[in-house]
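Chains as they are written, first to last, in the numbering used here: chain A, 220 to 403; chain B, 220 to 403. Virtual Cβ for every residue (Gly too), placed ideally from N, Cα, C. Data block below; observations after.
There are 2 protein chains.
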Amino acid sequence: MSENKVPTILSLETCAQSRLFTIERVQLRFSNGIEREYERMKNHGHGAVMVVPYLNDETLLLIEEYACGTHRYELGFPKGLIDKGETPEQAANRELKEEIGYGAKKLTALKSLAMAPTYFASNMHIFIAQDLYQERLEGDEPEELTVVEWAASDVSGLLANNRFTDGRCVASLLMAERFFAEKE
Amino acid sequence: MSENKVPTILSLETCAQSRLFTIERVQLRFSNGIEREYERMKNHGHGAVMVVPYLNDETLLLIEEYACGTHRYELGFPKGLIDKGETPEQAANRELKEEIGYGAKKLTALKSLAMAPTYFASNMHIFIAQDLYQERLEGDEPEELTVVEWAASDVSGLLANNRFTDGRCVASLLMAERFFAEKE
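Okay, structure coming up:
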């Protein structure tokens with residue numbers, strides 16, 4: 220990176236708040252003297268995890284889950300917030316047990332992903348899960364999630380699916396594909 | 220997809236609002252009868268674009284841009300909102316001219332990506348740009364963006380960069396890599 224000097228925060232205040240979201244108004248002065256007002260989402264919590272679970276070398280597991288933002292069922296990987304006191308690995312294994320009814324003996328950390336750094340500081344740790352064993356934990360989902368098996372080799376088919384659209388799911392799938400290709 | 224019945228929206232109201240963001244509170248009844256309160260971000264605008272620009276077969280172009288959410292400079296691809304009346308292709312070409320000083324004679328549409336469907340309906344159209352020509356348009360950035368050349372073959376190096384973290388950037392990079400690998 221070049222040596223850009225981060226803008227000075229002239230003021231910072233909460234300008235809107237709901238149960239889940241806190242929006243901050245930020246007055247900034249850039250290093251060239253230009254001042255601008257930005258808005259961003261205040262970061263709560265301890266980050267999140269997403270897990271790409273392999274039932275075996277040939278089979279990926281996906282879930283179908285209702286997404287309120289798009290008001291439809293979306294296809295994606297198990298994910299969730301890290302609870303206080305949990306490591307990302309513990310959260311990944313808990314979410315797997317809650318959402319697909321498996322734990323994983325082997326978790327491999329891939330890259331951590333941001334959602335949209337312009338507005339959010341949130342950070343999501345991505346894992347590959349292998350060596351699964353059956354174990355179900357009660358989650359807080361309002362309904363049971365549908366687990367979908369997908370041929371691990373059919374990455375193109377999954378990319379073409381118009382219910383598989385979350386940028387972090389697409390990134391996770393392709394990082395996992397790359398991870399296994401590099402091992403071969 | 221299986222035939223999950225989308226929950227019934229019992230009520231929908233704005234519960235917080237700022238200049239940029241509108242947060243909605245949604246009361247839902249799932250098909251199993253369970254009722255839950257959700258929050259989501261109201262969708263404004265006409266979607267967004269992100270462009271993976273190839274200066275030539277060997278060189279990708281990236282920008283360094285201040286991100287208020289993380290309060291640091293991030294490395295990523297040119298992106299921006301689609302203006303009213305613009306096609307995604309027109310928006311992609313305009314953003315390229317504003318952010319890196321090039322137009323593109325060739326734009327290839329990849330998949331459209333969601334940010335986080337649980338909370339947002341926003342949709343981002345991803346393009347590969349090739350056959351670039353110099354043309355600069357004045358953007359609304361508070362400071363000139365730093366353009367960074369990156370060896371197109373060094374995908375692993377870019378993935379390892381801890382300033383290249385936006386899930387949609389990672390997805391776009393790997394979809395572009397896949398696109399060219401399939402053509403070979």
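| Item | Value |
| --- | --- |
| Element boundaries [beta strand (DSSP E), containing L247/A] | 241–248 |
| For E318/A, the three-state DSSP class (helix, strand or coil) | helix |
| Any C-beta of chain A under 8 Å from that of P272/B | no |
| Limits of the unbroken alpha helix (DSSP H) element including M394/A | 386–402 |
| Pairwise C-alpha distance: K261/A and E245/A | In the sequence on display, residue 245/A carries Val and not Glu. Approximately 11 Å between the Cα atoms of the pair. |
| For R259/A, the three-state DSSP class (helix, strand or coil) | strand |
| First through last residue of the alpha helix (DSSP H) which encompasses A379/A | 374–379 |
| Spatial neighbours of Y285/A in its chain, beta-carbon cut-off 7 Å, leaving aside the 5 residues before and after | Y292 |
| Inter-residue CB distance, G266/A and I301/A (contact presumed, cutoff 8 Å) | 5 Å |
| Any chain B beta carbon closer than 8 Å to G386/A | yes |
| Closer than 8 Å to chain A by CB, R313/B | no |
| DSSP three-state assignment for A310/A, whether helix, strand or coil | helix |
| C-beta neighbour in chain A for L378/B, strict 8 Å | yes |
| M334/B - DSSP class collapsed to helix/strand/coil | coil |
| Cα-Cα separation between T327/A and N251/A, rounded to whole angstroms | 43 Å |
| C-alpha gap between G386/B and L294/A, whole angstroms | 17 Å |
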